[in-house]
Structure formats: C-alpha cells, structure tokens
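Down below is the structure, laid out as structure tokens.
Shown next, in the form of structure tokens:
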C-alpha cells in the first residue's frame with residue numbers, strides 16, 4: 606500500500622513516542638542522573654538501495670527528539686538518538702541489532718523491510734528491548750508471540766483486502782495477474798492479495814509467479830503470463 610511521505614513521517618514520530626513510553630514503563634527508566642540521556646535506537650537503511658527511506662526516517666525521528674529535548678526532555682533527561690545502518694540487508698540487520706544492544710539503548714525503532722526487520726527481531730526480543738517497526742508488514746512478524754515487538758504499518762492481510770477492494774469495486778477487473786519479487790514483503794503481500802481475491806465473486810487470479818529481485822529481463826514471465 607502506498608503511504609505518503611507525510612504519513613510515514615507521522616508514523617515514525619508516533620513510533621518514537623511509543624518507544625519512549627514503553628521504555629519508561631518496561632525498562633524502569635528513572636532520573637538517576639539528570640544529565641544522563643535516554644538513548645533510543647533507530648535502525649534503518651542509512652546507506653544502500655533504500656537510503657532515501659533511511660534518510661527520511663532519521664530526519665523524521667530527529668525532529669521529534671529535538672522537540673522533546675526543547676521541552677526539557679523526559680523526566681528532566683535529554684533523549685539521544687543512536688543510529689544504526691543495516692544497509693537494507695538481512696545479514697547486516699542482525700549485526701546492527703547486536704551493536705544496538707551493546708550501545709545500551711533502552712528501545713529501538715526498527716526497520717524498513719519485513720525480511721530486514723525479521724533478522725533483528727529475535728535479537729531485540731532476547732535483550733528485552735522494545736522494538737517498534739516502522740516499515741514491516743509481514744503477518745508472521747506478530748505471530749511469534751514476542752512480548753516486545755510492535756509496528757506502526759498495516760499488515761499484509763489488511764493491504765490484501767484493500768487491493769481486492771480496489772480491483773473489484775473501483776477497477777472492475779475480472780482477470781488478475783500477480784507477480785512478486787520473492788522478498789518477504791512482496792511474497793506476503795502477494796499471498797494476501799491472492800487470498801482476498803479468492804473470496805470475490807467474478808474475479809479470477811489467472812497468473813501468479815515470482816521474479817528474482819533486481820532482475821531486469823522479464824521476457825520469460827511475460828511470455829508465461831500471455
């Protein structure tokens with residue numbers, strides 16, 4: 606589902622407020638030292654193919670941090686944003702999560718992409734850190750029974766329902782082809798869309814397939830689609 610830049614920025618700001626609230630409640634953050642900052646982690650693709658999204662995340666959260674600090678911080682303590690670059694890669698995501706835990710953050714906003722978030726999820730859970738995802742939609746992420754994981758984005762099944770509604774009520778399509786890039790995000794969303802469409806009378810998913818992420822030649826899949 607498309608979300609406007611303004612909507613994403615608001616979600617990130619909301620995620621920071623949630624992270625602070627949960628950290629104060631669960632981690633027992635108290636003003637032991639008035640000068641000691643409350644450290645909140647932000648994990649995202651600061652570099653790599655999704656660097657634009659990472660830059661937006663940093664800018665959005667930093668604005669809220671600055672606003673909180675301008676009002677005196679939390680319990681008289683400033684909020685410090687600790688940034689971790691996972692480069693939009695699964696392996697790097699796990700390493701970044703480990704570094705965040707070592708940095709001593711009390712909560713984390715993480716990350717962009719379901720597979721990237723999944724790679725860090727258990728690390729934060731085992732460390733007892735509140736982890737609020739801002740760009741992860743896979744249904745499985747909230748089906749593990751994790752106590753500290755939350756998210757601000759719609760799940761795939763909700764987006765699948767939206768897609769089915771768009772196809773049937775607004776586009777009036779009867780034959781639909783679905784192609785995804787086999788990433789955790791795309792595969793989950795495609796499956797959700799197919800399930801939602803299956804319950805719509807008069808609509809048939811006539812083609813369903815996957816391509817390799819980064820692939821440029823789609824001749825074969827288009828030929829099969831025809």
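Numbering (the numbering used here), first residue to last: 606 to 831. Note that the Cβ used here is the ideal one computed from N, Cα and C, for glycine as well.
Through-space distance from residue j to residue i, alpha-carbon basis
i: residue 631; j: residue 814; result: Since pLDDT at residue 631 reaches only 46, below the 50 mark, its modelled position is unreliable, and the value read off the structure follows with that caveat. In a straight line, the C-alpha of residue 631 is about 44 Å away from that of residue 814.
i: residue 830; j: residue 803; result: 19 Å
i: residue 724; j: residue 651; result: 17 Å
i: residue 761; j: residue 656; result: 23 Å
i: residue 676; j: residue 682; result: 10 Å
i: residue 699; j: residue 823; result: 32 Å
i: residue 819; j: residue 654; result: 11 Å
i: residue 714; j: residue 697; result: 16 Å
i: residue 706; j: residue 828; result: 49 Å
i: residue 728; j: residue 774; result: 43 Å
i: residue 658; j: residue 664; result: 10 Å
i: residue 586; j: residue 801; result: The chain is shown only over 606 to 831; residue 586 falls outside these bounds and no answer can be derived.
Own chain, CB closer than 7 Å to residue i, minus 5 neighbours either side, in chain order
i: residue 719; result: 741, 742, 743, 746, 789, 790, 793
i: residue 776; result: none
i: residue 640; result: none
i: residue 726; result: 736, 746, 751, 754
i: residue 797; result: 761, 762, 764, 765
Of the residues the options, the one placed nearest residue i, counting alpha carbons only
i: residue 752; options: 758, 735, 767, 657; result: 735
i: residue 799; options: 776, 759, 732, 767; result: 767
i: residue 695; options: 786, 709, 758, 716; result: 716
i: residue 759; options: 772, 773, 739; result: 739
i: residue 756; options: 769, 722, 778, 773; result: 722
i: residue 806; options: 780, 748, 749, 705; result: 780
i: residue 693; options: 660, 707, 665; result: 660
i: residue 765; options: 774, 795, 748, 750; result: 795
i: residue 769; options: 749, 810, 662; result: 810
Same chain, Cβ closer than 6 Å to residue i, five either side skipped, listed in chain order
i: residue 701; result: 648, 689, 691
i: residue 708; result: 687
Chain-order list of residues whose beta-carbon lies under 8 Å from that of residue i (same chain, five-residue window excluded)
i: residue 778; result: 772, 808
i: residue 710; result: 644, 645, 646, 687, 734
i: residue 636; result: Reliability of the predicted coordinates at residue 636 is poor, the pLDDT of 47 falling under 50, and no value is obtained from them.
i: residue 667; result: 686
Are the region 679-693 and the region 640-655 touching, with three or more C-beta to C-beta distances below 8 Å? Flag = yes, the region 679-693 and the region 640-655 touch.
Three or more C-beta pairs under 8 Å: does that hold for the region 808-828 against the region 770-789? Yes, the region 808-828 touches the region 770-789.
Quick one: which unbroken alpha helix (DSSP H) runs of 4-plus residues sit fully inside the region 726-814? Chain order, please. The region 726-814 contains, as complete alpha helix (DSSP H) runs of 4+ residues, the segments 761-770, 789-803 (chain order).
Length-filtered (3 minimum) beta strand (DSSP E) runs lying within the region 685-721: Fully enclosed beta strand (DSSP E) runs of 3 or longer: 712-714.
May I have a chain-ordered list of the beta strand (DSSP E) segments no shorter than 3 residues that lie completely inside the region 641-680? Secondary structure in the region 641-680: the beta strand (DSSP E) runs of 3 residues or longer, each lying completely within the stretch, are 643-649 in chain order.
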